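Heads up: the structure comes next, in structure tokens.
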Ligand code: IPM
Ligand code: MG
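Residue numbers (this note's numbering): 6 to 347.
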């Protein structure tokens with residue numbers, strides 16, 4: 006088989022510390038060529054932009070893109086004329102056409118006590134957040150006008166159709182479409198399109214509509230109820246952080262961004278954790294699980310993907326706990342625990 010090229014974007018904060026062990030892990034799973042590129046804050050420092058055209062082109066040529074995290078206090082600014090690390094991420098998602106962000110949430114039995122929620126509430130939860138990733142408030146017209154600032158939420162029918170299809174295809178029995186149709190016009194269009202796509206193409210799947218505030222409540226009161234949640238960009242951003250805590254830590258949640266005709270982008274849901282950067286204590290598991298999604302969705306290597314996931318499960322079942330999970334394992338120890346189970 007031809008060697009797969011993986012574009013690596015370690016980014017900022019804990020990014021490089023969790024990228025290095027992930028490369029070691031992937032080396033066990035196949036023959037990959039890794040190409041590392043500056044991205045985010047480090048790229049702003051070196052080149053004045055979070056995503057340079059050269060890095061964008063390199064990502065486009067790769068078979069898959071693996072990103073750790075971007076951002077940090079050094080680049081925090083409210084000045085709209087100064088570059089921000091997050092801009093690079095948004096530009097890359099847009100440039101690669103990655104409109105579908107998949108965020109699976111499956112609490113592990115071994116970690117039930119790490120979740121702030123009661124065991125009987127999270128028991129049996131297995132859900133997928135399908136977040137629209139290239140539209141909505143993130144990409145609508147924004148600006149300032151005197152002492153006023155505005156952002157706009159814009160969605161077109163084709164943008165809604167394609168993300169909704171992704172959700173129905175991922176579902177076995179139920180899709181929950183989350184919107185704010187009691188207030189927002191874009192949500193009313195969203196709902197109309199979901200209803201039509203459901204009726205015409207996926208009538209065998211159950212469809213329900215839940216308002217976003219109510220969805221936030223049900224996610225922590227009855228998470229088992231959900232199978233696939235589909236929602237627009239900003240609602241999905243917020244609900245996926247909330248859903249992450251069902252697993253006990255946002256340090257466990259991977260994500261896959263798909264939909265373009267080029268490579269997919271795989272990244273943990275967590276950020277760059279500048280407060281613990283450089284100490285060797287970051288939890289690498291969400292990054293390992295993102296590598297598993299890369300193997301599964303990016304390279305169609307299902308067996309290898311499942312092997313990584315079960316090695317992570319077993320390491321946790323054996324008692325592996327990093328600081329975010331209430332333990333004291335270092336990044337190295339966590340890596341060894343997973344590699345030993347591979
Ligand atoms: C995420 C992150 C990003 C987002 C930030 C870093 C721009 O929170 O991937 O969820 O809001 O999409
Ligand atoms: Mg987020």
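The C-beta atom is built at its ideal place from N, Cα and C for all residues, glycine as well. Predicted, not measured: the structure shown is a model, and the values here were computed from it.
- What's the C-alpha gap between residue 287 and residue 120? By one-based count along the chain shown, residue 287 stands at place 282. By one-based count along the chain shown, residue 120 stands at place 115. If you take the alpha carbons of residue 287 and residue 120, they lie about 18 Å apart.
- Query: How would you call residue 159, buried or exposed, if buried means at least 16 neighbouring beta carbons within 10 angstroms?
  - Reply: The sequence position of residue 159 within the chain shown is 154, counting from 1. When all chains shown are included, residue 159 counts as exposed.
- Item | Nearest neighbour of residue 144, chosen from 134, 248, 157 [CA to CA] | Mapped onto the chain shown, residue 144 falls at position 139. Taking only the C-alpha atoms, the option nearest residue 144 is 157.
- Could you pull out every unbroken beta strand (DSSP E) segment of at least 3 residues lying fully inside the stretch 209-278, listed in chain order? 211-216, 233-236, 259-263, 269-273
- Query: Considering residue 313, what are the terminal residues of the alpha helix (DSSP H) in which it resides?
  - Reply: Taking the chain shown and counting its residues from 1, one reaches residue 313 at position 308. That run of the alpha helix (DSSP H) goes 307-322.
- Item | Contact set, the ligand IPM heavy atom to C-beta under 5 Å | Working through the chain, the matches are 91, 242.
- Message: Please state the DSSP three-state secondary structure of residue 154.
- Response: Stepping through the chain shown from its first residue, residue 154 is reached at position 149. Here DSSP, grouped into helix, strand and coil, assigns residue 154 to strand.
- Query: At a cut-off of 7 Å, is residue 246 close to the ligand MG when judged by its beta-carbon and the heavy atoms of the ligand?
  - Reply: Against the chain shown, residue 246 aligns to sequence position 241. It does: the Cβ of residue 246 is within 7 Å (strictly closer) of some heavy atom of the ligand MG.
- Item | residue 227 vs residue 138 beta-carbon contact at 8 Å | On the chain shown, residue 227 is found 222 positions in, with the first residue counted as 1. On the chain shown, residue 138 is found 133 positions in, with the first residue counted as 1. Going by C-beta atoms, residue 227 is not nearer than 8 Å to residue 138.
- Item | Given 8 Å, three or more beta-carbon pairs between the stretch 182-195 and the stretch 216-225 | yes
- Can you tell me the Cα-Cα spacing of residue 347 and residue 175, whole angstroms? In the chain shown, counting from the first residue as 1, residue 347 sits at position 342. In the chain shown, counting from the first residue as 1, residue 175 sits at position 170. Computed Cα separation, rounded: 27 Å.
- Query: Which of the three DSSP states, helix, strand or coil, is assigned to residue 335?
  - Reply: Here residue 335 refers to the residue found at position 330 when the chain shown is read from its first residue. Residue 335: coil per DSSP, three-state reduction.
- Message: Measuring CB atoms only, is the stretch 107-124 touching the stretch 74-81, in the sense that at least three cross pairs come out at less than 8 Å?
- Response: no
- Task: Could you name the residues of the same chain whose beta carbon sits closer than 6 Å to that of residue 285, not counting the 5 residues immediately before and after it, in chain order?
- Result: As a working mapping, residue 285 is identified with position 280 in the chain shown. Here the set comprises 335, 336.
- Task: Could you check the C-alpha separation between residue 301 and residue 294 for me, to the nearest Å?
- Result: One-based indexing of the chain shown puts residue 301 at position 296. One-based indexing of the chain shown puts residue 294 at position 289. Rounded to whole angstroms, residue 301 to residue 294 spans 10 Å at the Cα level.
- Message: Let me confirm a value: residue 326 is counted as buried when at least 16 other C-beta atoms fall within 10 Å, else exposed. Which label applies?
- Response: For the purposes of this step, residue 326 is taken as residue 321 along the chain shown, with counting starting at 1. So residue 326 ends up on the buried side.
- Query: According to DSSP, which residues form a beta bridge with residue 148?
  - Reply: Along the chain shown, one-based indexing puts residue 148 at 143. For residue 148, which the question treats as bridged, DSSP gives the partners 155.
- What are the start and end residues of each continuous alpha helix (DSSP H) run of 4 or more residues lying completely inside the stretch 78-108, in chain order? 90-100
- Provide the residue(s) that pair with residue 37 in DSSP beta bridges, ordered along the chain. What you label residue 37 is simply residue 32 of the chain shown in a count that begins at 1. 9.
- Message: Can you tell me which residues form a DSSP beta bridge with residue 137?
- Response: Start at 1 with the first residue of the chain shown, and residue 137 comes out as number 132. Note: residue 137 sits in a beta bridge opposite 105.
- Query: Closest to residue 332 by CA distance: which of 116, 197, 262 is it?
  - Reply: For the purposes of this step, residue 332 is identified with residue 327 of the chain shown, where counting begins at 1. Closest in C-alpha terms to residue 332, from the list 116, 197, 262, comes 116.
- Whole-number beta carbon distance between residue 173 and residue 126, since they are thought to touch under 8 Å: The count along the chain shown starts at 1 and reaches residue 126 at position 121. The count along the chain shown starts at 1 and reaches residue 173 at position 168. Between residue 173 and residue 126 the Cβ distance is about 27 Å, and since that is not below 8 Å, they are no contact.
- So residue 72 is in the beta strand (DSSP E); what residue range does that whole segment cover? In the chain shown, residue 72 corresponds to position 67, counting from 1. Its beta strand (DSSP E) spans residues 69-74.
- Message: Within a Cβ cutoff of 8 Å, which residues of the same chain sit near residue 213, ignoring the five residues on either side of it in sequence?
- Response: Your numbering for residue 213 matches position 208 in the chain shown. Contacts found: 179, 180, 181, 182.
- Task: Could you say which of 14, 252, 317, 38 lies nearest to residue 342 if we only look at CA atoms?
- Result: Translated into positions along the chain shown, residue 342 becomes position 337. Looking at the Cα atoms, 317 is the closest of the given residues.
- Assign residue 38 to one of two classes, buried (16 or more other C-beta atoms within 10 Å of its C-beta) or exposed (fewer than that). Reading the chain shown from its first residue, position 33 is the one you call residue 38. By the neighbour-count rule (16 or more Cβ atoms within 10 Å), residue 38 is not buried but exposed.
- Task: Report yes or no: do three or more beta-carbon pairs, one from the stretch 52-61 and one from the stretch 93-106, lie closer than 8 Å?
- Result: The answer is yes - the stretch 93-106 touches the stretch 52-61, with three or more Cβ pairs under 8 Å.
- Residues that residue 184 bridges to, as DSSP identifies them: By 1-based counting over the chain shown, the position of residue 184 is 179. DSSP output for residue 184 lists 216 as bridge partner(s).
- Task: Can you tell me which of the three DSSP states residue 179 falls into?
- Result: As a position in the chain shown, residue 179 is number 174, starting the count at 1. Of the three classes helix, strand and coil, the one that applies to residue 179 here is strand, per DSSP.
- Message: What would DSSP say about residue 132, mapped onto helix, strand or coil?
- Response: Taking the first residue of the chain shown as position 1, residue 132 is located at position 127. It is a strand residue.
- Within the same chain, show all residues whose beta-carbon is closer than 8 Å to that of residue 196, passing over the 5 residues directly before and after it, in chain order. To locate residue 196, count along the chain shown from 1; it is residue 191. Taken in chain order, the residues that qualify are 182, 184, 186, 214.
- Message: Run through the DSSP bridge pairs and tell me what residue 327 is partnered with.
- Response: Stepping through the chain shown from its first residue, residue 327 is reached at position 322. In DSSP, residue 327 forms a bridge with 334.
- Query: Cβ atoms of residue 59 and residue 11: under 8 Å apart, would you say?
  - Reply: Against the chain shown, residue 11 aligns to sequence position 6. Against the chain shown, residue 59 aligns to sequence position 54. Result no, Cβ atoms of residue 11 and residue 59 do not sit closer than 8 Å.
- Item | Identified DSSP bridge partners for residue 47 | For this step, residue 47 is matched to residue 42 along the chain shown. Under DSSP, residue 47 takes part in no beta bridge, so it has no partner.
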